[in-house]
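S.K.:
2 protein chains.
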Amino acid sequence: MNRVCVVGAGAIGSLYAAHLAQVADVTVLTRREEHARALREQGLRVSGRHDFTATLAATTNPAELDDADLCIVATKATHLDQAASALEGHLPGATVMTVQNGLGAEEVVLRYGDWPLISAVTFMSGNRRGDSEVEYILDTETWLGPYAETPYKTVERTAELIVRSGLKARPFEDLRPAQWSKLIFNATVNSVSALTHLPHDPHFADRNGPAALGHLVHELVEEGKRVASATGVELHDDPWAMNVHATQRGSAHVPSMLEDIEAGRPTEIDLITGALVREAARNDVAVPLHEALYALVRAKELACASE
Amino acid sequence: MNRVCVVGAGAIGSLYAAHLAQVADVTVLTRREEHARALREQGLRVSGRHDFTATLAATTNPAELDDADLCIVATKATHLDQAASALEGHLPGATVMTVQNGLGAEEVVLRYGDWPLISAVTFMSGNRRGDSEVEYILDTETWLGPYAETPYKTVERTAELIVRSGLKARPFEDLRPAQWSKLIFNATVNSVSALTHLPHDPHFADRNGPAALGHLVHELVEEGKRVASATGVELHDDPWAMNVHATQRGSAHVPSMLEDIEAGRPTEIDLITGALVREAARNDVAVPLHEALYALVRAKELACASE
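Here is the structure:
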């Protein structure tokens with residue numbers, strides 16, 4: 001595994017690309033030509049928890065991609081379809097790893113090619129500081145698991161590669177328990193934050209008083225757990241405990257869905273809360289609160305788009 | 001009934017004050033001295049559906065108020081306590097009429113004096129255009145009913161006075177059916193609008209597609225109807241029909257709660273959705289969706305206040 005393609009150079013894609021460039025040949029596929037040029041000419045600097053500048057290749061043209069052993073699709077869920085379609089007919093030797101929030105990224109990729117797939121969720125976070133710098137903020141793990149027939153061995157080797165690059169990663173034989181824990185956490189925290197404009201702060205864990213926000217957060221988690229249980233998934237982490245723990249960190253994290261709302265961009269609501277609501281319907285589980293938040297965030301996207 | 005005091009000269013208070021000044025002696029009690037001075041020196045102009053300038057008295061000092069036959073407390077619910085406390089010990093001969101959104105305004109007023117009370121809800125709307133002009137927009141009715149032991153005759157005479165002044169009014173022997181219809185409508189439409197930033201537009205009545213906003217609006221109305229029914233109130237109007245009807249007008253109305261949120265002011269959520277949630281608890285009716293919106297709007301107030 002020494003040829004890696006990273007699709008999308010937002011904060012997460014940039015962190016993978018820069019680190020992996022320390023142990024492999026990395027090519028970044030971006031949408032904007034000036035972004036690709038900046039990466040080629042200036043390299044990609046990592047600041048924050050690490051400090052180095054990576055040298056890597058970058059292009060906007062999928063036809064220029066050499067084949068790769070690993071392709072990490074690191075776009076937002078809202079750009080996934082476009083990114084996957086750009087890969088159609090390319091990278092025949094690659095295993096493709098998806099790291100999008102929510103559920104269903106793998107199925108989107110499979111519409112455009114029959115690559116072996118790795119499912120992943122990442123808990124690391126970063127902050128793009130221009131086209132050729134990314135700040136590494138939370139140095140938490142990426143969790144990987146096989147999708148469909150992908151051998152577990154491939155997952156282990158991919159996790160090893162990521163660890164050798166300086167990031168944290170852990171292979172799982174079945175990723176769904178972790179994926180579902182994160183799905184429920186994200187469906188809850190992201191949509192509440194997008195509607196209230198609160199960062200993920202201690203209000204999310206506060207259950208004192210009748211109108212305290214923590215009651216709603218807790219009920220949303222409970223609805224999510226009932227869906228997970230109906231699909232036969234035993235959660236890896238309790239999403240309520242994840243919520244409490246995350247709000248006890250020093251500074252409150254601004255969830256990506258709130259960033260999207262404030263920037264007037266479409267959110268990932270369809271692949272996060274939408275996925276949870278669809279799984280609930282398929283399994284005959286009532287999720288009235290998630291349905292309410294789904295409708296409210298979608299309506300808010302309309303209002304933001306028309307501003 | 002020829003001496004009237006109007007407390008609060010927002011859009012609604014200004015419409016009452018200017019019109020009633022055509023048929024009675026009107027004194028306006030405001031909070032800002034320059035507002036009172038503008039009203040004394042320039043009068044109060046009505047534009048829009050009517051066009052005239054009223055001459056009236058205005059003061060910020062309750063001690064300067066002569067006794068009155070009628071006192072209309074027309075502040076927002078968020079300023080009601082402050083306004084009622086200013087009246088303590090004054091206007092011994094007045095019947096006090098409350099027109100706040102939600103429930104419970106009468107109890108707040110009674111903390112400061114034992115005036116006979118009239119409950120009212122108003123459907124008219126206006127737009128303040130500075131301290132001495134108000135635009136009369138929707139010329140819909142004010143509905144009045146007796147509170148506690150207030151004789152119905154007093155309600156009828158008050159409604160007649162308002163009608164003689166050029167506004168629309170209708171007396172009811174029992175206002176609660178109308179008050180509850182408006183409560184459920186407001187708890188639903190105001191909070192959905194405050195969270196989504198959508199004006200009250202056709203999305204609120206749209207039930208096509210699984211995540212359509214109209215499903216949520218309909219469920220919120222249904223929860224509210226169950227509470228009304230448990231308290232023994234038969235609704236005067238179906239809030240869902242009110243919602244559909246209002247969204248079919250030409251231009252979409254911006255609910256006051258959205259105005260408040262966008263201006264960074266506290267909202268009336270506690271006297272509207274809060275009142276509905278408290279009545280539900282008292283009557284053992286489950287209102288999970290209204291509870292969710294109550295918590296979300298309160299959390300959003302926090303986020304707005306800290307910006």
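For the record, the sequence lines run as chains S and B.
So the first sequence is numbered by the numbering used here: it starts at 1 and just counts up by one.
So the second sequence is numbered by the numbering used here: it starts at 1 and just counts up by one.
All C-beta atoms, glycine included, are put in the ideal place defined by N, C-alpha and C.
Bear in mind that the values here come from a model prediction, so they are computed numbers and not experimental data.
1. How should H203 (chain S) be labelled, buried or exposed, when 16 other C-beta atoms within 10 angstroms of its C-beta is the threshold for buried?
2. What number of angstroms, rounded off, separates the C-alpha of K153 (chain B) from the C-alpha of G145 (chain B)?
3. In angstroms, rounded to a whole number, what distance separates the CA positions of A9 (chain S) and A74 (chain S)?
4. Let me see if you follow: with CB-CB separation under 7 angstroms, is L195 (chain B) close to chain S or not?
5. What are the residues in the segment 189-218 of chain B lying within 8 angstroms of chain S by C-beta distance?
6. Taking 7 angstroms as the CB-CB limit, is K300 (chain S) close to chain B?
7. Does the distance from the C-beta atom of L103 (chain B) to that of L183 (chain B) stay below 7 angstroms?
8. Considering only residues of the same chain and omitting the five flanking positions on each side of T267 (chain B), which have a CB-CB separation below 7 angstroms?
9. So A292 (chain S) contacts chain B; which residues on that side make the cut at Cβ distance below 7 angstroms?
10. Please name the residue or residues paired with C71 (chain S) in a DSSP beta bridge.
11. Kindly list the residues whose CB is nearer than 6 angstroms to the CB of M97 (chain B), restricted to its own chain and excluding five residues on each side of it in sequence; keep chain order.
12. Let me know the secondary structure DSSP gives A21 (chain S) once reduced to three states.
13. Using the Cα positions of P255 (chain B) and R40 (chain B), report the straight-line distance between them to the nearest angstrom.
14. How far does the beta strand (DSSP E) with R170 (chain B) in it extend, from its first residue to its last?
15. Under 6 angstroms from any heavy atom of the ligand SAH, does the C-beta of K300 (chain S) make it?
16. Let me know the secondary structure DSSP gives P255 (chain S) once reduced to three states.
17. Let's see if you can read the secondary structure: which residues bound the beta strand (DSSP E) around W143 (chain B)?
18. Please list, in chain order, all residues of the same chain as A129 (chain S) whose beta carbon is under 8 angstroms from its beta carbon, the five residues on each side excluded.
19. Comparing the C-beta of A295 (chain B) with each C-beta of chain S, is any distance below 7 angstroms?
20. Give the residues from the segment 69-92 of chain S that approach chain B closer than 8 angstroms (Cβ to any Cβ), ordered along the chain.
21. Judging by CA-CA distance, which residue of B:L44, B:G224 and B:D69 is the nearest neighbour of G13 (chain B)?
22. T247 (chain B) and A303 (chain S) - do their beta-carbons sit closer together than 7 angstroms?
23. Start and end of the alpha helix (DSSP H) containing G113 (chain S)?
24. So, using beta-carbon positions, are A169 (chain S) and T142 (chain S) closer together than 7 angstroms?
25. For A263 (chain B) and chain S, any beta-carbon pair shorter than 7 angstroms?
26. Hey, is the segment 281-299 of chain S in contact with the segment 12-26 of chain B, meaning 3+ C-beta pairs nearer than 8 angstroms?
27. Taking only beta-carbon positions, decide if A280 (chain S) is within less than 7 angstroms of chain B.
28. List, from N- to C-terminal side, the alpha helix (DSSP H) runs of 4 residues or more that fit wholly inside the segment 227-279 of chain S.
29. Would A305 (chain S) count as contacting chain B if we go by Cβ distances under 7 angstroms?
30. Could you tell me the boundaries of the alpha helix (DSSP H) in which E34 (chain B) lies?
31. I'd like to confirm the pairing. Which residues does DSSP put opposite I118 (chain B) in its beta bridges?
32. When the Cα atoms are used, what is the spatial distance from L293 (chain S) to H215 (chain S)?
33. Which residues in the same chain as A77 (chain B) place their Cβ atom closer than 8 angstroms to its Cβ, once the five residues preceding and following it in sequence are excluded?
34. Tell me which residues share the same chain as S165 (chain S) and place their Cβ nearer than 6 angstroms to its Cβ, disregarding the 5 neighbours each side in the sequence.
M.R.: On the basis of the data shown:
1. buried
2. 10 angstroms
3. 7 angstroms
4. yes
5. V192, L195, T196, H197, L198, H203, P210, A211, A212, L213, H215 and L216
6. yes
7. yes
8. A194, M257, D260, I261, V297 and E301
9. L216, L289 and A292
10. S:C5 and S:V96
11. I72, I118 and A120
12. coil
13. 30 angstroms
14. A169 to P171
15. Because no ligand of any kind appears in the structure shown, any question about the ligand SAH cannot be addressed here.
16. coil
17. T142 to Y147
18. For the sequence presented, residue 129 (chain S) should be read as Arg rather than Ala. Only S47 and E135 meet the Cβ criterion.
19. yes
20. none
21. B:L44
22. no
23. Unbroken run through G113 (chain S): none, as it is neither H nor E.
24. yes
25. no
26. no
27. no
28. 239-247 and 256-262
29. no
30. E33 to Q42
31. B:M97 and B:P146
32. 15 angstroms
33. Q100, N101, G102, A105, E268, D270, L271 and I272
34. H19, L20, Q22 and V23
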